[in-house]
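Chains A and B supply the protein sequences, listed in that same order. Note that the working numbering has the first sequence beginning at 1, numbered continuously upward. Note that the working numbering has the second sequence beginning at 1001, numbered continuously upward.
2 protein chains.
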Amino acid sequence: MDRVYNFSPGPSQLALPVLEKAQKDLLIYGDTGMSVMEMSHRSKMYTDIYDQAVADLRDLMAIPEEYEVLFLQGGATQQFSAIPLNLMVNKKADYIDSGNFAHLAAEESKRYGQVNVIASSREDTYAYVPEVKGLSFTEGADYLHITQNNTIYGTRFVELPESSAPLVCDASSMILSEKMDVARYGVIYAGAQKNIGPSGLCVLIVRKDLLGHAMEICPKLLNWEVQAKAGSMYNTPNTWGIYIAGLTFQWLKEMGGVAEMEKINIEKAALLYDFLDNSQLFKPTAQAKYRSRMNVTFVTGDAEKDAAFVKAAAGAGLVNLKGHRSVGGMRASIYNAMPVAGVKKLVEFMKQFEKENA
Amino acid sequence: MDRVYNFSPGPSQLALPVLEKAQKDLLIYGDTGMSVMEMSHRSKMYTDIYDQAVADLRDLMAIPEEYEVLFLQGGATQQFSAIPLNLMVNKKADYIDSGNFAHLAAEESKRYGQVNVIASSREDTYAYVPEVKGLSFTEGADYLHITQNNTIYGTRFVELPESSAPLVCDASSMILSEKMDVARYGVIYAGAQKNIGPSGLCVLIVRKDLLGHAMEICPKLLNWEVQAKAGSMYNTPNTWGIYIAGLTFQWLKEMGGVAEMEKINIEKAALLYDFLDNSQLFKPTAQAKYRSRMNVTFVTGDAEKDAAFVKAAAGAGLVNLKGHRSVGGMRASIYNAMPVAGVKKLVEFMKQFEKENA
C-alpha cells in the first residue's frame, strides 16, 4: 500500500519527514526511555520540546517580543468564545463575514456583547471577500475580526482592513503558508490541523497589552492571561500535538522557511487555477481576485459528474477532493505539506478525466 | 536504550502493545494510504475508529444506554468550568474538598453560582478523604462534586456519598482501574493522560436528562448538549488522542477488562503498601483506610534522603518518583499500564536502598 495524496481540508496531509521521525521515535524518544506521549509535561525532556517549538514558530513568523505564543486546546472554534471573553471590555466588536467560520465566530460572540457585521459576502455564497476599503468601523469597538482564508469557499483576504481597533485573525487555513506581518495584528489564532500538525491544538499569538482584560465569567482555561503566565500549561496541554507541530516547524525551516513555502504555494495554486481557467469541463468557483492559495474550489456544473470525478480520483490515489457539504462540487486543499508533485498529478488526472468526459 | 518504568502521575506510561501498534501504523493505517493524524474526522475511515472507541468504552464500563459518552478537549480542568455552566440551574452546588484538584474545581465553580464545600480535609493536608456518612447536603443543590481519587495525596473515596442531587465525579486518576457502577453517577469525567491515553483529551459520561440546561453564557464548545448532538464533533476533536484511547480500550479488553485490571491493581498497590508498612526507612503518607491504588505516596522524613532516592531510582530505570511540588516526598503512580513487574522492581530497589541507607 502506497501513501495517497490527501487533499483533505483538515485534518490534512502532514509532511512525510515529520511522520517518519515521529514513527522512529514513537517507543523511545532520544535517551529518555519513553514515548513523547508518556512524558510529564513538567519534565525537562518535554519542556525542551515545548520551548523549541515556540522558538521555531517565533523564528518562522518573525513574531515580535511583545507577543505571547500559546499552544491551546479546543481548536479555532473554542477561540470564537474566548475572543469576546478576553477582549470585549466595551462589549462591542466588528466582524467581517467572509465565510462559514467567520459567520460562526460572529454568531458566538453575540453571547457576550454587541456584534456589528460591518461587511458580508454571505448573500453571494461567499464567492469573494468583502472590499476592505471604505468600511464603517464601530466607534470604540474592542476589536475587528476577520477570517483571512476561507477554507470552504476557497477565498482569501488580499489586503487587510485598516481599523484602529486591534485586528483579530483566524488564520487556521493560511498560517505559515505566506508571510504575515504579525505587528499588524492584535491576535492571530489557528487550529493546527491544516498547516501545523494534528487536530486538538490551537496556536494563539496575542499582543501582550491585550492580556488581562478577561470577563469575570470567562472559564479559567479560556483566559489567555492565565495561560500566558503558565506558559500554556495551566493544565496539561496536548503534548503530542505540540511535539508534531514542533517537528513541522523544523521541517519548514529545512525547507527554507515561510518565504520559500509562499513561493511554492503560489506555484501550486497557479498550476491548478491555470488549468481551471482553460478547462472545458471544470470551472473555478471563487472570484479570481480573491482566490485562495490553500483551498481551490471548482465544479463541473453537473453533480453526477462531480461525484464521478471525486470517485475516480480517489481510485487514482488522489483523495478527499469532495467539496464541503454546504457547497458541493470539488475542493483541493493544498497546504504546505502537499508537494508540487501531488498537484501536478491532480492536474494530469483532471486533464485525462476531461478528455474522457468532454 | 531500554524503555524505563515510568511512575509519572500524568501524562504517564502507556501499554507497550498500544505504542507498538501506533508505531507500526503511523505512516499508513490499514488500507487508507494515510496516517490517522491525517484523516478527516468526518471520513468513514475515522468515524469507524471513533465509533469503536465509544463502543469499547461502553462495554468496558458497562455504561447504560441513558448515558452519553463524549470525547472532549481541555482535560479535566476545562470541565471545572463546564460543570457549573451546564448544570447550575438553581445556581448552587455541593463540593467535597478532598485534594488539590477538588479544591480547584470548587473554586472555579464559584464564578457561576453558590458553592457549598460540605466537607474538607484541606486542614489536614488531605491525608484522608472526608467521611461521607452524615453529611449535610444543600437543599436544591444542582449536583454534588467529588474527586474520587486524589492524585497528589494518594487517597481515594472508599464509598460514595448518598446525596439526592446528581453525583458529578472527577475520575481522572482512577477511571478504568476498578469497577464503577455508572448508574450511581450523573456525570463521570476524566482527563485521558493517566489511565486512557495521551493528554489533550477528556472523557465525559453524562446522563442524558442532565443535558439541555446550559447557561446562556456557556461557550458553545463547552455545552455538553451541543457536543452530544454532534457526536463529540461540533468541531474537529483530538483525533489522534481518541485513536490511542481506542487502542488502550482494546488492550484492556484483551487483558480481561476492568474487573481483571482491578485485581491486578489491588495486587500492585499491596506490594508497595506492604513493603512501606514494614519499612524502617520509608513511611506511607495517606491514612490507611483511604489509600489510593493508583498513586502511592511516601517519605523518608528527610528531604535530602528523598532526593537521593529519587535520583538513584531514576539511574536504575525507575523514573518520575518525585512527589508533587506542593507536598514533596515520593509518589509512585501505578496506573493500568504499569505492569506488576515494574512495581516489583521498584520494591526491590527500595529494599536495596533501605539496606544501604539504614
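Glycine included, every Cβ here is placed at the ideal spot set by N, Cα and C.
In the DSSP assignment, lysine 1092 of chain B falls within the beta strand (DSSP E) that extends over 1092 to 1097.
Under the Cβ criterion of 8 Å, isoleucine 1217 of chain B is counted among the residues facing chain A.
Linking glutamate 162 of chain A to serine 1012 of chain B through their CA atoms gives a straight-line distance of about 48 Å. At a cut-off of 8 Å between C-beta atoms, aspartate 1306 of chain B does not count as an interface residue with respect to chain A. Take the alpha-carbon of glycine 1186 of chain B and the one of arginine 1207 of chain B: they are about 5 Å apart. Following the DSSP letters along the chain, one finds glycine 1191 of chain B inside the beta strand (DSSP E) bounded by residues 1187 to 1191. Serine 173 of chain A is a Cβ neighbour of methionine 294 of chain A, given a cutoff of 8 Å. By DSSP's assignment, proline 284 of chain A forms a beta bridge with A:Phe298. For the 8 Å CB-CB criterion, alanine 1245 of chain B and alanine 1053 of chain B form a contact.
For phenylalanine 1071 of chain B, the enclosing beta strand (DSSP E) covers residues 1067 to 1072.
Look at lysine 229 of chain A: its C-beta is not under 8 Å from any C-beta on chain B. Runs of the beta strand (DSSP E) lying entirely within the stretch 298 to 343 of chain A, each at least 3 residues long, are 330 to 333 in chain order.
Considered as a whole, the stretch 1183 to 1230 of chain B harbours 1224 to 1229 as its complete alpha helix (DSSP H) runs of no fewer than 4 residues, in chain order. By the criterion of at least three beta-carbon pairs nearer than 8 Å, the stretch 21 to 29 of chain A is not in contact with the stretch 212 to 227 of chain A.
Isoleucine 1266 of chain B carries a helical assignment under DSSP once its states are collapsed to helix, strand and coil. Classified as exposed, alanine 288 of chain A has fewer than 16 neighbouring CB atoms from the shown chains inside 10 Å of its CB.
Taking 8 Å as the threshold, the shortest C-beta distance from glutamate 1038 of chain B to chain A falls below it. Burial of lysine 1268 of chain B is indicated by the presence of at least 16 other C-beta atoms within 10 angstroms of its C-beta. In this structure, the CA atom of asparagine 150 of chain A is about 12 Å from the CA atom of arginine 331 of chain A. Here DSSP, grouped into helix, strand and coil, assigns alanine 1119 of chain B to strand.
DSSP places histidine 41 of chain A in no beta strand (DSSP E); its state is neither H nor E. Taking a C-beta cut-off of 8 Å against chain B, the contacting residues of the stretch 229 to 260 of chain A are Tyr234, Asn235, Thr236, Pro237, Asn238, Thr239, Trp240, Gly241, Ile244, listed in chain order.
Annotation for lysine 1179 of chain B: Val1258, Ala1259, Glu1262 place their beta carbon closer than 8 Å to its own, counting only its chain and skipping 5 residues before and after. Straight-line measurement puts the Cα of leucine 1135 of chain B at about 16 Å from the Cα of tyrosine 1128 of chain B.
Here the stretch 1075 to 1091 of chain B does not lie against the stretch 1266 to 1283 of chain B, with fewer than 3 beta-carbon pairs under 8 Å apart.
If you check each beta-carbon in the stretch 1139 to 1155 of chain B against every beta-carbon of chain A, none falls closer than 8 Å. Within chain B, Lys1220 have C-beta atoms less than 7 Å from the C-beta of glutamate 108 of chain A, given in sequence order. With a cut-off of 8 Å on Cβ pairs, the stretch 309 to 323 of chain A is in contact with the stretch 339 to 350 of chain A, counting three or more such pairs. Cβ neighbours of alanine 1228 of chain B within its own chain (closer than 8 Å, five residues either side excluded): Glu1068, Leu1070, Val1206, Lys1208, Leu1211. Using a Cβ distance threshold of 8 Å, glycine 1075 of chain B and threonine 236 of chain A count as a contacting pair. Taking a beta-carbon distance threshold of 8 Å, threonine 1125 of chain B does not count as an interface residue toward chain A.
Just so you know, the alpha carbons of proline 1009 of chain B and glycine 1323 of chain B end up roughly 9 Å apart. Between lysine 1253 of chain B and leucine 1060 of chain B a beta carbon distance of about 7 Å is seen, short of the 8 Å cut, so the two are scored as contacting. Residue range 239 to 254 is occupied by the alpha helix (DSSP H) that includes threonine 248 of chain A, with no beta strand (DSSP E) assigned at that position. The three-state reading of DSSP puts tyrosine 5 of chain A in strand, counting E and B together. A direct Cα-to-Cα measurement between phenylalanine 7 of chain A and serine 98 of chain A gives close to 22 Å.
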